[in-house]
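To start, the structure itself, in structure tokens.
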Amino acid sequence: MPTALVVDDHPAIRLAVRSRLTEDLDFDTVTEVTNGADALRVLRDAIADLIVVDLSLPGVPGEALLAELVSRHPGTRVLVLSAMTGAGERAIHGGAHGYVDKGDGLHALTPALRAVMQGFAVFPTHLLPTLRRISAVAGDPARILSRRELTVLRMLASGHTNKAISELLEISNKTVSSHKANIMSKLKFKSLIELAEFARRHHLL
């Protein structure tokens with residue numbers, strides 16, 4: 001039987017997602033967490049078939065979490081469920097398999113979950129022109145940085161220290177420092193202030 005992880009800090013949303021997974025899609029086990037750090041801890045010990053994740057989360061930035069989930073668990077299906085501005089574009093850049101806008105209500109959730117689990121990508125059609133424009137923009141960070149470097153950039157821009165990033169991503173301080181140096185070099189930054197401004201400008205936070 002399939003298993004799922006729901007990452008959202010709103011109890012009512014978690015309950016709604018759980019009910020659809022168990023009642024409509026016959027999921028056997030649904031684990032719920034409220035933040036990115038707990039999601040990463042849960043997935044150290046167990047692999048989920050599906051992850052439903054918001055991008056507006058306390059602690060670890062949602063997009064950084066998404067990049068980590070996709071990188072660490074390539075066989076897991078990932079659906080972003082979020083009302084965050086630009087969440088659809090961010091979901092695609094982060095490697096998610098689908099996106100549902102909370103602001104539109106949850107009527108589309110069950111069909112989206114079913115389609116994602118069947119191997120399809122599920123995104124609203126109105127995102128396509130925007131996504132084409134974004135992919136064509138020169139200097140797009142997704143074209144310049146590796147997925148892990150994007151994750152580290154997001155976390156640095158959110159105020160995480162090297163030590164905190166090391167612990168959350170389970171990598172050494174030396175590796176974090178190396179990623180940081182690569183980011184600064186590739187993007188020609190001289191300070192973390194420039195890095196943070198770049199992250200805001202490119203909607204990476």
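Mapped onto the UniProt record's numbering, the consecutive letters of the sequence shown carry residue numbers 1 to 205.
From the three backbone atoms N, C-alpha and C, an ideal C-beta is built for every residue, glycine too.
Note that the structure is a prediction, hence the values are computed from the model and not measured.
Residue span of the beta strand (DSSP E) that contains L50, given as start and end: Note, L50: beta strand (DSSP E), L50 to V53.
Cβ neighbour criterion (16 or more within 10 Å) applied to S82: A residue is called buried when at least 16 other Cβ atoms come within 10 angstroms of its Cβ; S82 meets this threshold and is buried.
Nonlocal neighbours in the same chain, by C-beta distance under 6 Å from R18, ignoring five residues either side: Excluding sequence neighbours, R18 sits near V30.
R72 beta carbon near the ligand MN (any heavy atom closer than 7 Å): This structure simply doesn't include the ligand MN, nor any ligand for that matter.
Beta-carbon contacts of G94 that lie in its chain and below 7 Å, excluding the five residues immediately before and after: Within the same chain, E63, L66, A67 and V70 come within 7 Å of G94 by CB-CB distance, once the 5 residues on both sides are set aside.
Buried versus exposed call for K102 [16 or more other C-beta atoms within 10 Å across all chains shown]: With 16 or more Cβ atoms within 10 Å of its Cβ, K102 is classed as buried.
G88 vs F123 beta-carbon contact at 8 Å: In contact: G88 and F123 (Cβ atoms closer than 8 Å).
Environment of R143 [buried if 16+ CB atoms lie within 10 Å]: R143 should be labelled exposed.
With 16 other Cβ atoms within 10 Å as the buried cut-off, status of E197: By the neighbour-count criterion, in which a residue is buried when 16 or more other Cβ atoms sit within 10 angstroms of its Cβ, E197 is exposed.
Cut-off 6 Å between Cβ atoms - residues of its own chain near A108, not counting five sequence neighbours on either side: Correct list, in chain order: V100.
Nonlocal neighbours in the same chain, by C-beta distance under 8 Å from M84, ignoring five residues either side: Cβ neighbours of M84 beyond the five flanking positions: D54, L55, S56, G62 and R90.
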